[in-house]
Amino acid sequence: MTLRKKLMLSFLILVLLMGSMIGYFSYQNAKNLVLENKEQEMADTINRIDISINSQVQQINRLAENVKSSQIVRAYLKKEIHTQEETEELNDWMEGLLNLISSCSDLILMNEDGTVYYSYSGCQAVNDKRRMEVYENAASNLVGDGTWTEKGSSLCQKNAEEVVTFISSINKVILAIELNPETFGLLMLNNYSTFQNQYTYLVDCAGNVLCSNKTNIYDWGDVVTKGMEKGVRRYEFNWDNKDYFACRQYNGLTGWETYSVVSTDDFFPQAKRLREAIMGLVLLAMLAAGVGIFILSYTFTRPIGRLKNAMKQVEAGDFEIQVESKAHDEIGMLIQSFNYMVSRLRQLIMEVYQQKLAQKNAELTALQAQINPHFLYNTLDSINWMLIEKGEWEISDVVVSLGDILKYSLHGEEMLVLFEEELKYIESYLCIQKNRLEDRLTVQIEIDEEAKLCFVPKLILQPIVENAILHGIEKKKEMGRIQIQAIVREGTLEIRVTDDGIGMQPDRLMRFRESIMSDEISGKHIGMRNVHRRIQLHFGEAYGLKIDSEWQKGTTVTILLPVEEVDQAKEVTEDENRNCR
1 MTLRKKLMLS FLILVLLMGS MIGYFSYQNA KNLVLENKEQ EMADTINRID
51 ISINSQVQQI NRLAENVKSS QIVRAYLKKE IHTQEETEEL NDWMEGLLNL
101 ISSCSDLILM NEDGTVYYSY SGCQAVNDKR RMEVYENAAS NLVGDGTWTE
151 KGSSLCQKNA EEVVTFISSI NKVILAIELN PETFGLLMLN NYSTFQNQYT
201 YLVDCAGNVL CSNKTNIYDW GDVVTKGMEK GVRRYEFNWD NKDYFACRQY
251 NGLTGWETYS VVSTDDFFPQ AKRLREAIMG LVLLAMLAAG VGIFILSYTF
301 TRPIGRLKNA MKQVEAGDFE IQVESKAHDE IGMLIQSFNY MVSRLRQLIM
351 EVYQQKLAQK NAELTALQAQ INPHFLYNTL DSINWMLIEK GEWEISDVVV
401 SLGDILKYSL HGEEMLVLFE EELKYIESYL CIQKNRLEDR LTVQIEIDEE
451 AKLCFVPKLI LQPIVENAIL HGIEKKKEMG RIQIQAIVRE GTLEIRVTDD
501 GIGMQPDRLM RFRESIMSDE ISGKHIGMRN VHRRIQLHFG EAYGLKIDSE
551 WQKGTTVTIL LPVEEVDQAK EVTEDENRNC R
């Protein structure tokens with residue numbers, strides 16, 4: 001998958017997630033806001049219903065108070081035998097009072113044994129079972145002005161309808177005011193429902209439904225009642241895979257409760273349209289974002305594509321390629337770096353080519369000028385015998401030393417040699433130098449036997465000894481001394497070359513050290529610099545040359561080498577020889 005496709009896919013997924021989240025939360029917030037408003041409307045509706053119930057109940061309470069405070073009623077109840085006139089007077093007064101309250105279905109005055117003093121409906125005989133229930137209810141709940149019974153049958157035997165009864169007392173006489181529960185149902189209808197399918201119903205203290213605005217109350221009535229126990233006023237539940245919201249209002253005068261239940265779908269009938277609108281906006285935003293992402297990804301990846309094509313051309317060997325870019329951002333900087341890298345590679349390839357060409361020319365020149373070493377050995381050997389015949393022993397020693405030096409320098413391709421062989425070579429070199437200096441030079445060599453068996457890089461002592469002679473001993477007028485020491489200490493071979501020459505002043509010593517440590521291939525002290533670099537390239541930067549000097553006292557050069565095992569050194573030497581070939 002290309003980078004452009006990856007960018008587009010990543011951005012589209014991100015936009016899809018963000019759009020879905022924004023759409024979802026927008027819809028949920030709008031829905032919750034509408035639900036909260038509708039829930040409050042429901043609560044306000046049942047609150048108005050409760051106010052109407054209170055008004056009706058208070059009207060019944062006032063009716064009971066009027067009856068209880070009436071002198072006609074009290075006088076009538078005190079007598080056991082009543083005249084026709086007294087009875088008519090009571091009936092007229094009661095009818096005049098009850099005509100003002102149309103909701104009352106019956107008003108009964110009776111004693112404990114069921115004797116009826118007065119009945120608005122003309123009832124002469126009461127239902128004993130109902131009478132006992134009324135008395136029990138009155139005995140346990142009758143406090144203050146009166147109490148309301150649960151829904152039940154009428155006290156009058158001839159009345160088969162179920163009623164709710166308000167009970168009060170006048171001394172030992174029971175005052176019972178019966179009402180048809182549908183009286184309160186009219187209040188629900190008059191206060192109209194907020195929603196089309198809203199169920200509003202009234203229950204008594206026992207949980208009996210007194211009235212409702214719908215004829216069919218589903219079985220979820222018990223679910224609502226149980227769910228709203230312990231003072232809960234609002235409740236959400238699921239019934240038959242449908243969500244409902246319920247709220248209630250407790251009536252303190254009667255102990256009844258008004259419930260209102262509605263499906264949450266009726267709360268928000270525009271939810272579907274809102275969902276579709278939000279989905280449309282999200283899709284439109286995604287489409288616009290997709291176009292923007294396509295343009296943006298094309299803008300970003302086009303220079304990267306050109307850079308990729310250029311890299312393929314470089315892989316094919318075209319180092320003349322350059323990528324044009326006017327951008328100054330990270331991609332522009334990357335293209336500039338690529339162009340610089342290709343230019344630098346082209347330059348380095350030309351340099352390497354020229355170096356190889358120069359090397360080939362040098363090898364050819366060296367080959368043309370090469371002299372057979374055996375011819376030189378034989379010639380030096382002939383000179384040596386001629387000198388011996390003439391008794392020139394000192395010159396003979398010089399010729400022999402020169403032959404040994406030539407043989408050591410040209411013989412073999414070993415990179416590492418025994419330190420003992422390196423010592424023989426330096427002794428031959430010192431023999432020639434002592435003869436040249438006419439015995440102005442003395443040499444002292446102190447080598448541990450263990451050090452002689454260590455492997456060292458070939459030709460590392462001669463440049464150091466030569467430097468000691470040229471810059472130390474020759475500049476003295478008196479006789480000079482060179483001391484060569486070698487010991488093995490803690491896995492390290494330490495070789496010291498000390499001269500008692502003129503030494504170096506601190507500033508010159510510092511420049512000398514810097515020259516040895518530099519990577520320049522020209523200048524002074526090339527021989528010692530090469531020795532130091534050879535050691536570090538072979539063994540690491542922990543090893544090499546260490547130089548100390550004091551003015552007019554002399555100089556000490558210490559060579560630090562790791563102690564190589566014989567087998568390991570041979571193996572390394574063989575590998576390096578193969579690489580050299």
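First residue of the sequence shown? That's 1 in the UniProt record's numbering, and the numbers climb one at a time after it. Using N, Cα and C, we set each Cβ at its ideal position, and we do this for glycine too.
The C-beta distance from T442 to R489 rounds to 26 Å, too long to meet the 8 Å contact threshold. In this structure the stretch 491 to 499 lies against the stretch 464 to 479, because at least three pairs of beta carbons, one per stretch, are closer than 8 Å. Annotation: N435 to Y425 spans about 16 Å, alpha carbon to alpha carbon. Within the same chain, and ignoring the five residues on either side of V223 in sequence, the residues whose Cβ sits closer than 8 Å to its Cβ are F237, W239. In this model, E182 and C211 are separated by some 6 Å (Cα to Cα). K214 sits in coil when the DSSP states are folded into three classes, being neither helix nor strand. Sixteen is the threshold: when 16 or more other Cβ atoms of the shown chains lie within 10 Å of the Cβ of Q433, as they do, the residue is buried. Apart from sequence neighbours up to five positions away, the residues of its chain that approach S168 with a beta-carbon distance below 7 Å are A64, K68, D145, G146, L175, ordered along the chain.
In the DSSP annotation of this structure, the continuous segment of the alpha helix (DSSP H) that includes I464 starts and ends at 462 to 468. L416 carries a strand assignment under DSSP once its states are collapsed to helix, strand and coil. Residues of the same chain with a CB within less than 8 Å of the CB of K172, apart from the 5 flanking positions on each side, are N111, E112 in chain order.
A residue is called buried once 16 or more other Cβ atoms fall within 10 Å of its Cβ, and S154 is buried on that count.
Judged by their CB atoms, N213 and Y235 are not nearer to each other than the 9 Å cut-off. Residue nearest to L453 within the set I445, E474, F419, E80 is F419 (criterion: CA-CA distance). Here A451 has F419, A486, I487, V488, L493 as same chain residues with Cβ atoms under 7 Å from its own Cβ, once five neighbours each way along the sequence are excluded. Look at E80 here: in three-state DSSP terms it is coil, with no helix or strand label. Buried is the label assigned to A246, since at least 16 other Cβ atoms lie within 10 Å of its Cβ.
In this structure, N159 lies away from C104, with their beta-carbon atoms at least 9 Å apart. About 32 Å separates the CB atoms of N251 and I72; that is not less than 8 Å, and the two are not in contact.
According to DSSP, residue pairing for L179 in a beta bridge involves C104, V164.
The Cβ neighbour count for D381, taken over all protein chains shown within 10 Å, is under 16; the residue is labelled exposed.
The beta carbon of T165 lies closer than 6 Å to those of T149, A176, E178 in the same chain, with the five residues before and after it left out. Under the DSSP assignment, R440 falls outside any alpha helix (DSSP H); it carries neither an H nor an E label. Counting only the Cα atoms, N127 lies some 23 Å from Y76. In this structure, DSSP gives S518 a state outside helix and strand, which the three-state scheme calls coil.
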